[in-house]
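A.B. asks:
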Amino acid sequence: MKNIIQSVKGTREFYPPEMALRKWMYGKITEVSHSFGYQEYDGPFLESIELYAAKSGEELVKEQSFVFPDRGGNLITLRPELTPSLARMIAQRQNQLVYPIRWWSFGPFWRYEKPQKGRTREFFQWNIDLIGVDCPEGDAELVAIAAEFFKAVNLTSSEVKILVNDRRLMDQQMVKLGVTSMDQKKSMLSIIDRRDKLSVTDWESYVLESGFTSEQLDGLKAILNDKELYKSSPEVMRFFNALEALGVADYVVYDPRVVRGLDYYTGIVFEARDVSESSRAILGGGHYGNLVEEVGGDSIAGVGFAMGDVVLPLILEEFGKLPELVLNPAKVLVTVFNAECHAYSLKIATKLREAGINVLVYPEIAKIGKQFKYADRVGVQYVIVAGPDERDQEILQIKDMQSGEQSSVKISEVVEAIKKLM
RNA sequence: GUGGCUGUAGCUCAAUGGCAGAGCACUUGACUGUGGAUCAAGUGGUUGUGGGUUCGACCCCCAUCAGCCACCCCA
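Just so you know, we're using our numbering here: the first sequence kicks off at 1 and counts up by one.
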């Protein structure tokens, strides 16, 4: 044990229970994405560093990506996000694609971060985007998709909330406070983003230290406490009306504190959190005005969000909503009674498989009790006993491991008997 | 990248600087053609790794690796 080489820091191993959970999540994501008519796509896992260097977030590439030279000396990046690849894919076929585009993806990403609970260096992420649309109802559709996903994984609107704000609204409010330059606005957005991470007094002194006046601080506090702020924006009102009609309004809350860190959001921004004390962010997204300009295309608006696969299971566990998953694909085990009957057992298993039934055979001759115990522990529901007595009478014993009931059936009728039980 | 906490059997955890233990799990038996329950016995360890202090280190010191927590960041 001591000599086993460790797995790479921040990676996870998917033993069958974890793999079953991942597949389950992928299934729910597929189901919800398809229910809104979105098509699945994917980009490369390896990208050149230039793709990300074009973006404003320098830290993303320099500090938080896996970058390495290939054998030719080119710097290759393990993709830390999908949006730049998506932008390029759209730009390359900008005039051939049918708009609006509805695409989704679920795949692996890598970020060179310090791992802790809910944060790994290798993770999967669901990305979903509606591109070529610039209206509140389009934004509402993405939020509705997020809400429908929560419904699908059995998280209620009292357990999870999608917090929504609008960058344009915040922009107007900042202008009213005399915050007009780009630098000042950026600075204030990051201050808002940090509101929940500092104590009130620490946060207030942080605002003042950042170069804002005490009048601006008071104004900012008023904005952040104004839960009705959205009513001054016709677009946001339309957005909420659409959510009402989409039947997911109970999941959505207006919150002026949500601004999101990313520079490229230009309208609605949102993030989903659980309502517990720790309140982890489950997914985040928003409306962007110019997706493809930076990779050389014409400006297109869109809206989308991304959800990692690491936090959701923690939330589900917290609320006792982790699904019970069947790990063993076979419901039937055929025992091997003795050497003489071994071939007989194999023939029975083959017959069942030919009828489309998943079957496992105990791989060696062992005490029948041991074989039953094995069946119990791997979660097989029906055990077939085929010993010398049964063979001579051309019958089989079928035991239901849940009820403990056992019945004998004719060998010729075993397929129907099993199918009837299942 | 910065600071802190932790690391002992497969798992959860004990052990004043003085013989490394318990519960669960596992294997076997009680039960010669039937799993779960009960009882009994048994297997299981270079105390994360590498140094140092000491007559003697799971325990103290240094380094390193990993996990967790708070920053940072959150695409």
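Think of the CB as a built atom: it goes at the ideal place given N, C-alpha and C, for glycine as much as any other residue.
In this text the structure is predicted, and so the values were computed from the model without any measurement.
Would the beta-carbon of GLY10 fall within 9 angstroms of that of GLU113?
C.D. replies: Translated into positions along the first sequence, residue 10 becomes position 10. Translated into positions along the first sequence, residue 113 becomes position 113. Cβ distance < 9 angstroms, so GLY10 and GLU113 count as in contact.
A.B. asks: Take GLN94 and list the residues in its own chain whose beta-carbon comes closer than 6 angstroms to its own, dropping the five residues that flank it on each side.
C.D. replies: Here residue 94 refers to the residue found at position 94 of the first sequence. Cβ neighbours of GLN94 beyond the five flanking positions: GLY297.
A.B. asks: Using C-beta distances below 8 angstroms, list every residue in its chain close to LEU325, excluding the 5 sequence neighbours before and after it, in chain order.
C.D. replies: Indexing the first sequence from 1 puts residue 325 at position 325. If we look at LEU325 and ignore the five residues flanking it on each side, its Cβ neighbours are PRO17, ALA20, LEU21, TRP24.
A.B. asks: So what does LYS419 bridge to, in DSSP terms?
C.D. replies: Working through the first sequence from its first residue, we reach residue 419 at position 419. Paired residue(s): none; LYS419 is not in a bridge.
A.B. asks: Taking only runs that begin and end inside the region 258-341, name each unbroken beta strand (DSSP E) of 3 or more residues, in chain order.
C.D. replies: 265-274, 281-288, 302-308, 332-334
A.B. asks: Spatial neighbours of ILE348 within its chain, please: CB distance less than 8 angstroms, with the 5 preceding and 5 following residues excluded, ordered by chain position.
C.D. replies: Numbered from its first residue, the first sequence carries residue 348 at position 348. If we look at ILE348 and ignore the five residues flanking it on each side, its Cβ neighbours are VAL334, ILE384, ALA386, LEU396, ILE411, VAL414.
A.B. asks: Return the chain-ordered list of same chain residues with a C-beta closer than 7 angstroms to the C-beta of SER56, the five sequence neighbours on each side being excluded.
C.D. replies: Position 56 of the first sequence, counted from the first residue, corresponds to residue 56. Unreliable positioning characterises SER56 in this predicted model, as indicated by a pLDDT of 49, which lies under 50. A coordinate reading is not provided.
A.B. asks: How long is the line joining the alpha carbons of ASP392 and ARG377, rounded to whole angstroms?
C.D. replies: Taking the first sequence and counting its residues from 1, one reaches residue 392 at position 392. Taking the first sequence and counting its residues from 1, one reaches residue 377 at position 377. Going by the C-alpha atoms only, they are around 30 angstroms apart.
A.B. asks: Going by other Cβ atoms of all chains shown within 10 Å of its Cβ, with 16 needed for buried, is LEU327 buried or exposed?
C.D. replies: Start at 1 with the first residue of the first sequence, and residue 327 comes out as number 327. By the neighbour-count rule (16 or more Cβ atoms within 10 Å), LEU327 is not buried but exposed.
A.B. asks: In this structure, does DSSP put ASN127 in helix, strand or coil?
C.D. replies: Working through the first sequence from its first residue, we reach residue 127 at position 127. Three-state result, ASN127: strand.
A.B. asks: Per DSSP, which residues does LEU75 bridge with? Please list them.
C.D. replies: As a first step, residue 75 must be located in the first sequence, where it is residue number 75. Answer is PRO69.
A.B. asks: How would you call VAL380, buried or exposed, if buried means at least 16 neighbouring beta carbons within 10 angstroms?
C.D. replies: Position 380 of the first sequence, counted from the first residue, corresponds to residue 380. Buried is the call here.
A.B. asks: Could you tell me the alpha carbon to alpha carbon distance between GLU228 and PHE239, rounded to whole angstroms?
C.D. replies: Here residue 228 corresponds to residue number 228 of the first sequence, with the count starting at 1. Here residue 239 corresponds to residue number 239 of the first sequence, with the count starting at 1. Approximately 14 angstroms between the Cα atoms of the pair.
A.B. asks: Mind the definition here: the region 305-324 touches the region 271-280 only if three or more C-beta pairs lie below 8 angstroms; say whether that holds.
C.D. replies: yes
A.B. asks: Would ARG88 and GLY43 be called neighbours here (beta carbons separated by less than 9 angstroms)?
C.D. replies: Start at 1 with the first residue of the first sequence, and residue 88 comes out as number 88. Start at 1 with the first residue of the first sequence, and residue 43 comes out as number 43. Their beta carbons are under 9 angstroms apart, which means ARG88 touches GLY43 by this criterion.
A.B. asks: Could you tell me whether the Cβ atoms of VAL303 and LEU142 are closer together than 9 angstroms?
C.D. replies: Sequence index remark: in the first sequence, residue 303 carries index 303 (1-based). Sequence index remark: in the first sequence, residue 142 carries index 142 (1-based). Against a cut-off of 9 angstroms, the Cβ pair of LEU142 and VAL303 comes out as a contact.
A.B. asks: Residue ranges of each alpha helix (DSSP H) run of no fewer than 4 residues wholly in the region 6-40, ordered along the chain?
C.D. replies: Within the region 6-40, the complete alpha helix (DSSP H) runs of at least 4 residues are 16-35.
A.B. asks: Pick helix, strand or coil for VAL175, following the three-state DSSP scheme.
C.D. replies: Position 175 of the first sequence holds residue 175. VAL175 falls in the helix class under three-state DSSP.
A.B. asks: Inspect the CB distances between the region 282-296 and the region 250-257 and report whether three or more fall short of 8 angstroms.
C.D. replies: no
A.B. asks: If you count every other CB in all the chains shown that lies within 10 Å of the CB of THR77, and 16 or more means buried, which is it?
C.D. replies: Against the first sequence, residue 77 aligns to sequence position 77. Per the 10 Å Cβ criterion, buried.
A.B. asks: Between the alpha carbons of ASN241 and GLY138, how many angstroms are there, rounded?
C.D. replies: Looking up residue 241 in the first sequence gives position 241. Looking up residue 138 in the first sequence gives position 138. Each residue's Cα considered, the two are about 12 angstroms apart.
A.B. asks: Is it right to say GLN125 is buried, meaning 16 or more other beta carbons lie within 10 angstroms of its own, or is it exposed?
C.D. replies: The count along the first sequence starts at 1 and reaches residue 125 at position 125. Buried, by the Cβ-count rule.
A.B. asks: Using the Cβ count rule (16 or more neighbours within 10 Å means buried), how would you classify PRO256?
C.D. replies: For the purposes of this step, residue 256 is identified with residue 256 of the first sequence, where counting begins at 1. With 16 or more Cβ atoms within 10 Å of its Cβ, PRO256 is classed as buried.
A.B. asks: Out of ASN165, LYS197, ASP202, state which residue places its alpha-carbon closest to the alpha-carbon of THR236.
C.D. replies: On the first sequence, residue 236 is found 236 positions in, with the first residue counted as 1. The residue asked about is misnamed: residue 236 is Val in this sequence, not Thr. It is ASN165 whose Cα lies nearest to the Cα of VAL236.
A.B. asks: Using the three-state DSSP reduction, which class does ASN165 fall into: helix, strand or coil?
C.D. replies: Counting from one through the first sequence, the residue named residue 165 turns up at place 165. Look at ASN165 here: in three-state DSSP terms it is strand.
A.B. asks: Put LEU46 into one of helix, strand or coil per three-state DSSP.
C.D. replies: Taking the first residue of the first sequence as position 1, residue 46 is located at position 46. LEU46: strand per DSSP, three-state reduction.
A.B. asks: Should VAL336 and GLU364 be called a contact, given that it needs their Cβ atoms to be closer than 9 angstroms?
C.D. replies: The residue labelled residue 336 in the question sits at position 336 within the first sequence. The residue labelled residue 364 in the question sits at position 364 within the first sequence. Taking 9 angstroms as the Cβ cut-off, VAL336 and GLU364 qualify as a contacting pair.
A.B. asks: Put GLN64 into one of helix, strand or coil per three-state DSSP.
C.D. replies: Start at 1 with the first residue of the first sequence, and residue 64 comes out as number 64. DSSP places GLN64 in coil when its eight states are reduced to three.
A.B. asks: According to the neighbour-count rule (16 or more other Cβ atoms, all chains shown, within 10 Å of its Cβ), is VAL98 buried or exposed?
C.D. replies: In the first sequence, the residue the question calls residue 98 occupies position 98. Counting Cβ neighbours within 10 Å, VAL98 comes out exposed, since fewer than 16 surround it.
A.B. asks: If you run the structure through DSSP and keep just helix, strand and coil, what is GLN397?
C.D. replies: Numbered from 1 along the first sequence, position 397 holds the residue referred to as residue 397. Strand.
A.B. asks: In three-state DSSP terms, what is LEU360?
C.D. replies: Within the first sequence, the letter at position 360 stands for residue 360. Strand at LEU360.
A.B. asks: In terms of residue numbering, what span does the beta strand (DSSP E) encompassing ARG102 cover?
C.D. replies: The sequence position of residue 102 within the first sequence is 102, counting from 1. Its beta strand (DSSP E) spans residues 101-110.
A.B. asks: Since GLU122 sits in a beta bridge, which residues does DSSP pair it with?
C.D. replies: Taking the first sequence and counting its residues from 1, the one referred to as residue 122 is at position 122. BP columns for GLU122 point to TRP110.
A.B. asks: ALA243: which of ALA339, GLY404, ILE145, PRO115 sits nearest, CA to CA?
C.D. replies: In the first sequence, the residue the question calls residue 243 occupies position 243. According to the sequence as given, residue 243 is Leu; it is not Ala. Out of ALA339, GLY404, ILE145, PRO115, ILE145 has the C-alpha closest to the C-alpha of LEU243.
A.B. asks: Need the endpoints of the beta strand (DSSP E) that ILE192 sits in, please.
C.D. replies: Against the first sequence, residue 192 aligns to sequence position 192. Where ILE192 is concerned, there is no enclosing beta strand (DSSP E), although the alpha helix (DSSP H) it sits in stretches over 182-193.
A.B. asks: Is the distance from the Cβ of TRP103 to the Cβ of PHE66 below 9 angstroms?
C.D. replies: In the first sequence, residue 103 corresponds to position 103, counting from 1. In the first sequence, residue 66 corresponds to position 66, counting from 1. Not in contact: TRP103 and PHE66 (Cβ atoms no closer than 9 angstroms).
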